[in-house]
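Report on the following structure.
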Amino acid sequence: MTKATHQPLSGRPAQGAFLHRFANPGRFLRLSRWLFPALCAFSGVFLAIGLVWALLFSPADWQQGDAVRIMYLHVPMAILASAGYATLAVCGVLSLVWKHPLADLAAVEIGPVGAVVTALCLLTGAFWGKPMWGAWWVWDARLTSVLVLFFLYLGHIALIQAFDDPQRGYRAAAVLAIAGVIDLPIIKFSVTWWNTLHQPDSITLTHAPTMPSSMLLPLSLCMIGFATGFAALVTGRLKAAIIETRAQQMLTRRARPLSESA
Amino acid sequence: MIHIAYTHWPYIAASYGCALLATLWLGIGLALRLHRATTRLALLERPDARRKPTV
Amino acid sequence: MTVPSSTGTSRHSPEPQGSRHKRRMTRKSRRLWLVLACLGCFAVATGLVLNAFSSSIVFFMAPSQVLKAPPASDRVIRLGGMVVAGSLRRSLEGQTPINQFEVTDGQAAIDVRYEGILPDLFREGQSVVALGTYRGGSAFIASEVLAKHDETYMPKEVAAALQRSGKWDPRFGKPPSSESLNSMARGATGGSNGR
Chain D
434 MTKATHQPLS GRPAQGAFLH RFANPGRFLR LSRWLFPALC AFSGVFLAIG
484 LVWALLFSPA DWQQGDAVRI MYLHVPMAIL ASAGYATLAV CGVLSLVWKH
534 PLADLAAVEI GPVGAVVTAL CLLTGAFWGK PMWGAWWVWD ARLTSVLVLF
584 FLYLGHIALI QAFDDPQRGY RAAAVLAIAG VIDLPIIKFS VTWWNTLHQP
634 DSITLTHAPT MPSSMLLPLS LCMIGFATGF AALVTGRLKA AIIETRAQQM
684 LTRRARPLSE SA
Chain R
60 MIHIAYTHWP YIAASYGCAL LATLWLGIGL ALRLHRATTR LALLERPDAR
110 RKPTV
Chain H
941 MTVPSSTGTS RHSPEPQGSR HKRRMTRKSR RLWLVLACLG CFAVATGLVL
991 NAFSSSIVFF MAPSQVLKAP PASDRVIRLG GMVVAGSLRR SLEGQTPINQ
1041 FEVTDGQAAI DVRYEGILPD LFREGQSVVA LGTYRGGSAF IASEVLAKHD
1091 ETYMPKEVAA ALQRSGKWDP RFGKPPSSES LNSMARGATG GSNGR
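As you go down the protein sequences, you meet chains D, R and H in turn.
Heads up: the first sequence begins at 434 in the working numbering, then just goes up one per residue.
Heads up: the second sequence begins at 60 in the working numbering, then just goes up one per residue.
Heads up: the third sequence begins at 941 in the working numbering, then just goes up one per residue.
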């Protein structure tokens, strides 16, 4: 996924560049040694309890019946889709402004996970909407803006792959990530600014949740489980990417003396 | 008290099924990728350790 | 990974330490301001576009909006509102079921006529969105009716208890807030809770 750059550093000792380049990644690898298993364990426990509770022990809704159980999937996916994109935008800023070495790598790994999460949000929404509203899909403001978010994720993934020089791909993707942040407030406020079929948010900062605790509790468990799961996936992918890059660098370093002596 | 969903259960099954499939795909993919990357790195680092320490 | 690329900000150019540090700071803060400025311009542009197209972005019009600015009788629009309690009349024309009901937004009401089977969630006191044409006066012919549900959630048992005790009739609007739900449900089975 990450194409290694093979540009030789003229006049610089390979050893120094190697150490300098992996100063931060090395720290991340040491962090991920305990963080990754911890996140996986947390996520597994919370999801196991939360999803079983949601599917089998939570009450049916008075108007939606059992279809309300889809909410326990749809709402966390929707929140994570927006949060993931916000993280992509932060990585974009870190990459463009501070030139943080890990920011590009993180953006490469977050994009596909975020895209899958957004696709799940749209899919579960369709499965929820058909029995409730009577339609698989409508072009109201909330659904359309989340679809736009999905295409932003796809565009981000595509931009990284599109260039021969990976640096240009990272930079274009960072620009897209920052520009697309506009969509996030649109998603959030679409149900209050315009008349939409999608109902307003049940859980906001301004009013009490319009949901009893018998539903709020399993929803919170699922939310924590999916959020830590997202973090676990991204941490693991980032760890794999750093290891892959390190292996690629070792191969390149080993091949160079052979080619120079030839 | 267990509620077994009887209204709209195909939609519920489809939603949970899609979520499970996606999680498995991402999770197993990550596990394979990590395994492949760590063994590759270990393979590369092992012969280096036998030679004189260059780094 | 990140090789010093040809952007001009090479970290390894031989310069006196002080001026290199100062140049890196200014360049970085300049990049930050550039990013913020571009984002700001983009936000303003998006806001203007959304404002200009806001009439097309709304998924439905309320009855009072339709009466205030009636659309042409051949234009397909969406009408949204609450079904007035007691206004549903079902009839049969040959094989197709005909449903007639009133939709209100609290200020004005419009009669809707729909041929076909209504969605599961349709009932009096529930919001709907009807796709169709406005025929003047108070008549709306719908070709599609979607049920809209609000953001309140309430367990079935609690709703049944509330209705049994007479504290709430679903045909007349939203259920009571969740904060009072626990106390009301407890009071509904025992004595009244004086809400």
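In this text, a Cβ means the ideal position worked out from N, Cα and C, and glycines have one as well.
These numbers were taken from a predicted model, which means no experiment stands behind them.
For residue i, decide whether its Cβ has a neighbour in chain B, counting only Cβ atoms nearer than 8 Å.
i: H:F1041; result: Looking for chain B here will not work: the only protein chains present are D, R and H.
Could one say the Cβ of residue i lies closer than 8 Å to chain D's Cβ atoms, at least one of them?
i: R:H83; result: Looking at the sequence itself, residue 83 of chain R is Leu, so the reference to His does not match. Answer no: the Cβ-Cβ gap between R:L83 and chain D never drops below 8 Å.
i: R:R92; result: yes
i: R:I71; result: yes
i: R:R99; result: yes
i: R:I87; result: no
i: H:E1033; result: no
Is there a Cβ of chain R sitting closer than 8 Å to that of residue i, yes or no?
i: D:L488; result: yes
i: D:P564; result: yes
i: D:W561; result: yes
i: D:A493; result: yes
i: D:L585; result: no
i: D:L630; result: no
i: D:K532; result: no
i: D:K621; result: no
i: D:A474; result: no
i: D:G547; result: no
Would a check of beta-carbon distances place residue i closer than 8 Å to chain H?
i: D:I611; result: yes
i: D:D634; result: yes
i: D:D597; result: no
i: D:T606; result: Correcting the residue identity first, residue 606 of chain D is Ala in this sequence and not Thr. No, D:A606 lies away from the interface with chain H (no Cβ there is under 8 Å from its Cβ).
i: D:I615; result: yes
i: D:A456; result: A caution first: D:A456 carries a pLDDT of 46, below 50, which makes its placement in the model unreliable, though a value can still be read off. No, D:A456 does not count as interfacial toward chain H.
i: D:G567; result: yes
i: D:L529; result: yes
i: D:W467; result: no
Would residue i be called buried (16 or more neighbouring beta carbons within 10 Å of its own) or exposed?
i: H:D1014; result: exposed
i: D:A456; result: Reliability of the predicted coordinates at D:A456 is poor, the pLDDT of 46 falling under 50, and the value obtained from them is presented with this limitation in mind. It is exposed - the Cβ of D:A456 has fewer than 16 other Cβ atoms within 10 Å.
i: D:G544; result: buried
i: H:W1108; result: buried
i: R:M60; result: exposed
i: R:W84; result: exposed
i: H:T947; result: Caution applies to H:T947, whose pLDDT of 47 falls short of 50 and renders its modelled position unreliable; the model cannot decide the point.
i: D:W495; result: buried
i: D:I676; result: buried
i: D:W531; result: exposed
i: D:S476; result: buried
i: R:Y65; result: exposed
i: R:P106; result: exposed
i: D:P599; result: buried
Residue range of the beta strand (DSSP E) that residue i falls in?
i: D:E542; result: Run containing D:E542: none in the beta strand (DSSP E); it sits in the alpha helix (DSSP H), P534 to M565.
i: H:V1068; result: S1067 to Y1074
i: H:T1036; result: T1036 to T1044
i: H:R1030; result: R1029 to E1033
i: H:R1018; result: V1016 to V1023
The alpha helix (DSSP H) spanning residue i covers which residue range?
i: D:L609; result: P599 to A612
i: D:A471; result: A456 to V485
i: D:G498; result: Counting along the chain, D:G498 falls outside any alpha helix (DSSP H), and DSSP gives it neither H nor E.
i: D:R575; result: A574 to A595
i: D:P633; result: That residue, D:P633, is in no alpha helix (DSSP H); it is neither H nor E in DSSP.
Would you list the one or two residues that DSSP bridges to residue i?
i: H:F1080; result: H:V1052 and H:Y1074
i: R:I63; result: DSSP output for R:I63 lists no bridge partner at all.
i: D:D494; result: D:G498 and H:P1095
i: D:R522; result: Contrary to the premise, residue 522 of chain D reads as Ala rather than Arg in this sequence. Partner(s): none; D:A522 has no beta bridge.
i: H:M1001; result: H:L1019
i: H:L1086; result: H:V1069
Checklist entry - Counting pairs of Cβ atoms below 8 Å between the stretch 1020-1027 of chain H and the stretch 978-988 of chain H, do you hit three or more? => result Here the stretch 1020-1027 of chain H does not lie against the stretch 978-988 of chain H, with fewer than 3 beta-carbon pairs under 8 Å apart.
Checklist entry - Is it true that the stretch 1079-1092 of chain H meets the stretch 1041-1055 of chain H, where meeting means three or more beta-carbon pairs spaced less than 8 Å apart? => result At 8 Å Cβ cutoff, the stretches touch.
Checklist entry - Does the stretch 93-102 of chain R come close enough to the stretch 578-597 of chain D that 3 or more CB-CB pairs lie under 8 Å? => result No contact exists between the stretch 578-597 of chain D and the stretch 93-102 of chain R.
Item to check | Contact between the stretch 632-640 of chain D and the stretch 561-571 of chain D (3+ Cβ pairs under 8 Å) | outcome: At 8 Å Cβ cutoff, the stretches do not touch.
Checklist entry - Within the chosen definition, does the stretch 504-514 of chain D reach the stretch 549-562 of chain D through at least 3 CB pairs nearer than 8 Å? => result Result yes; three or more Cβ-Cβ pairs closer than 8 Å.
Checklist entry - Touch check for the stretch 1057-1067 of chain H and the stretch 1001-1017 of chain H: three-plus C-beta pairs under 8 Å? => result No, they do not touch.
Checklist entry - Would you call the stretch 604-621 of chain D and the stretch 516-532 of chain D touching, i.e. three or more CB-CB distances under 8 Å? => result Flag = yes, the stretch 604-621 of chain D and the stretch 516-532 of chain D touch.
Item to check | Three CB pairs or more closer than 8 Å across the stretch 482-490 of chain D and the stretch 673-690 of chain D | outcome: Contact check between the stretch 482-490 of chain D and the stretch 673-690 of chain D: fewer than three CB pairs, one atom from each, fall below 8 Å, which does not count as touching.
Next on the checklist: Quick check: the stretch 1084-1098 of chain H against the stretch 644-651 of chain D, are at least 3 beta-carbon pairs closer than 8 Å?
Outcome noted: With the cut-off at 8 Å, the stretch 644-651 of chain D and the stretch 1084-1098 of chain H touch.
Item to check | contact_flag[the stretch 465-480 of chain D, the stretch 677-685 of chain D] where n(CB pairs < 8 Å) is 3 or more | outcome: Look at the beta carbons and you see the stretch 465-480 of chain D not touching the stretch 677-685 of chain D: under three pairs across the two are nearer than 8 Å.
Item to check | Any 3 or more C-beta pairs closer than 8 Å across the stretch 576-585 of chain D and the stretch 614-623 of chain D | outcome: Short answer: they touch.
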